[in-house]
Amino acid sequence: MPINYYIVLALSLFSIGIVGVLTRRNAIIVFMCIELMLNSVNLLLVAFSKMQAAQDAVQVAAADGQLFVFFIMVVAAAEVSVGLAIIVMMYRNIHSVDINFLNRLKH
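Sequential numbering of the sequence shown, starting at 95, is according to the numbering used here.
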């Protein structure tokens, strides 16, 4: 499959994530859109790694992008656990997950 298909798919996923982050007020939806953007970048890393493997005769260099994606997924899992803990604590304290309500907490 040509690399253009992967680029278009990743670009569309990233665009959906950007629109979701900028337009939604629910913290959980915003968090999911950030994860969607992260996964679109991972898709591009794997696609470019596969393209590099097809061009090179050495298969060891092709695993670099996939290894990098693995580390990104580990960091994303830690981000999810911390982010969801913050959202749960926010809901316990103010009984809302609306992001605009967080501006009122400054005063």
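A virtual CB, placed ideally from N, CA and C, is assigned to each residue, including glycine.
Can you tell me which residues form a DSSP beta bridge with N98? Its beta-bridge partners do not exist; DSSP assigns none.
Straight-line gap, F58 to E173 (C-alpha atoms, nearest Å): Only positions 95 to 201 of the chain appear in the structure, and residue 58 is not among them; the question remains open.
Among residues of its own chain, excluding the 5 on either side of F108, which ones have a beta-carbon nearer than 6 Å to its beta-carbon? M131 and S134
What does the alpha-carbon distance come out to for the pair N187 and I180? 11 Å
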